[in-house]
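Student: Starting off with a structure, shown below.
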Amino acid sequence: MKQKKSKYIYDNIAIDRIRYLYKLSIENIDNIDLSRRYIFILWKIKNKARIRLPDDIRNKFCKRCYTPWIIGKTLRIRIRKGRIIYSCLYCGKVKRFIIRKNLKNI
Numbered sequence: 421m422k423q424k425k426s427k428y429i430y431d432n433i434a435i436d437r438i439r440y441l442y443k444l445s446i447e448n449i450d451n452i453d454l455s456r457r458y459i460f461i462l463w464k465i466k467n468k469a470r471i472r473l474p475d476d477i478r479n480k481f482c483k484r485c486y487t488p489w490i491i492g493k494t495l496r497i498r499i500r501k502g503r504i505i506y507s508c509l510y511c512g513k514v515k516r517f518i519i520r521k522n523l524k525n526i
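In structure tokens, the structure reads:
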């Protein structure tokens with residue numbers, strides 16, 4: 421009988437491809453169309469494999485226009501009322517992150 425390859429092996433291949441495409445998109449940031457295309461392909465691989473993005477890539481690009489975020493070039497960061505606000509300079513999408521306070525008793 422043939423053994424099925426585990427889904428885990430395919431997930432590792434997909435994650436390796438995602439990391440490679442993200443690296444290519446950052447290296448080619450001067451050619452923004454090519455960089456956005458790499459991110460779009462990365463997103464399609466993620467959806468096809470049904471996996472989550474790795475933590476080091478998850479919040480590094482715009483989910484609407486697939487532009488990799490480079491501070492000052494494609495991204496504006498503001499801090500207001502206990503939140504960090506990311507604004508994409510290409511499509512205008514806004515993403516907010518709450519700044520959590522350390523609640524340990526000292």
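The sequence shown: position 13 = 433 (the working numbering), numbered continuously.
Cβ atoms here follow ideal geometry from the backbone N, Cα and C, with glycine treated the same way.
None of the values given here were measured: they were computed from a predicted structure.
(1) Within this structure, are the beta carbons of Ile-465 and Ala-434 separated by less than 8 Å?
(2) For Cys-508, count neighbouring Cβ atoms within 10 angstroms of its own Cβ and tell me buried if that reaches 16, exposed if not.
(3) State the start and end residues of the unbroken beta strand (DSSP E) segment that holds Lys-483.
(4) For Tyr-506, report the span of its alpha helix (DSSP H) as first-last.
(5) I need the DSSP call for Arg-470, collapsed to helix, strand or coil.
(6) Helix, strand or coil: which one does DSSP assign to Ile-491?
(7) For the beta strand (DSSP E) that contains Ile-531, what are its first and last residues?
Tutor: Let me lay it out:
(1) Yes. Within cutoff.
(2) Within 10 angstroms of the beta-carbon of Cys-508 lie 16 or more other beta-carbons, which makes it buried.
(3) If you look at Lys-483, you'll find it isn't in any beta strand (DSSP E); DSSP assigns it neither H nor E.
(4) No alpha helix (DSSP H) contains Tyr-506, which is instead part of the beta strand (DSSP E) from 503–508.
(5) Coil at Arg-470, not helix or strand.
(6) Reduced to three states, the DSSP call for Ile-491 is strand.
(7) With the chain represented from 421 up to 526, any question about residue 531 goes unanswered, as that position is not in the structure.
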